[in-house]
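Some notes on the structure that comes next.
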Amino acid sequence: MEVMSGSCRFGLWFVHVWWSGAMIHHVLFSKSPLPGAVPPSFTRYCAGKEERFQSYESVATSYPTIYGQIYQAVRNVPYGETETYGEIAGTVSTSARVVGQAMRRNPTPLVIPCHRIVGKHHIGGFTPSPEIKEALILMEKKTRKRKQPG
DNA sequence: AACGTACACTTAT
DNA sequence: ATAAGTGTACGTT
Numbered sequence: 025m026e027v028m029s030g031s032c033r034f035g036l037w038f039v040h041v042w043w044s045g046a047m048i049h050h051v052l053f054s055k056s057p058l059p060g061a062v063p064p065s066f067t068r069y070c071a072g073k074e075e076r077f078q079s080y081e082s083v084a085t086s087y088p089t090i091y092g093q094i095y096q097a098v099r100n101v102p103y104g105e106t107e108t109y110g111e112i113a114g115t116v117s118t119s120a121r122v123v124g125q126a127m128r129r130n131p132t133p134l135v136i137p138c139h140r141i142v143g144k145h146h147i148g149g150f151t152p153s154p155e156i157k158e159a160l161i162l163m164e165k166k167t168r169k170r171k172q173p174g
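Under the working numbering, the first residue of the first sequence is numbered 25, with each subsequent residue one higher.
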């Protein structure tokens, strides 16, 4: 199937997406736009809707290394919640550092919600800029709050 | 095939 | 604040 590409806005950033059918190949934050539209899930998500990308699959979860398991575990972290690198490490029997490395190399952010994985004592990094991570976490919290007050 | 290095972490000084 | 422990991938012999 043909690989499609496009971008949508998230604040000051653009979210570039490459996909074919239900398979997401690559997602990337950039300062400049890429021509073309993105699957509706992405525009919904960027508009602050609760979106789990459930009808999509990421190439990342089928990596043959332990990274594949890490990505799978991260995918299960619900919208609006966070977990630490160490906690993810526990579920797949590796170290927090390795989880950090897997997050750094995550080919499909948002689909694999690596922004929900934070350090125990600090927010942790994000490529290309940790501001994005903060904004995403904040946005999800606000959406959650709006949905179920109290 | 082996080795060295780079890390989006964590825990103990 | 800083160092030691950590597990994996990846590039370089």
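Even glycine gets a Cβ: it sits at the ideal position worked out from N, Cα and C.
Secondary structure at S153: coil, using DSSP grouped into helix, strand and coil. Residues of the same chain with a CB within less than 6 Å of the CB of P133, apart from the 5 flanking positions on each side, are V51 in chain order. In this structure, V116 and I90 form a Cβ contact; the two beta carbons are roughly 6 Å apart against a cut-off of 8 Å. Runs of alpha helix (DSSP H) with 4 or more residues, each lying fully within the stretch 85-141, are found at 90-99, 109-116 and 120-128, listed in chain order.
Residue P152 holds the alpha-carbon nearest to the alpha-carbon of M127 among H145, P152 and E105. Counting the other CB atoms within 10 Å of its CB gives A113 a total of 16 or more, which places it among the buried residues. Annotation for R33: the continuous beta strand (DSSP E) segment containing it runs M28 to F34. Spatial neighbours of I136 in its own chain (CB-CB distance under 8 Å, excluding positions within 5 residues in sequence) are listed in chain order as S82, A84, T85, Y95, V98, R99 and N130. In the DSSP assignment, S65 falls within the alpha helix (DSSP H) that extends over P64 to C70.
Around the beta carbon of H146, fewer than 16 other beta carbons lie within 10 angstroms, which makes this residue exposed. Membership of I48 in the beta strand (DSSP E) is indicated by the continuous run M47 to S54. Taken atom to atom, the span from the alpha-carbon of A71 to that of V122 is near 32 Å.
For S79, there is no enclosing beta strand (DSSP E), as DSSP marks it with neither H nor E. If you check the CB distance, S44 and M28 come in under 8 Å. The Cβ-Cβ distance between S56 and V41 does not fall below 8 Å.
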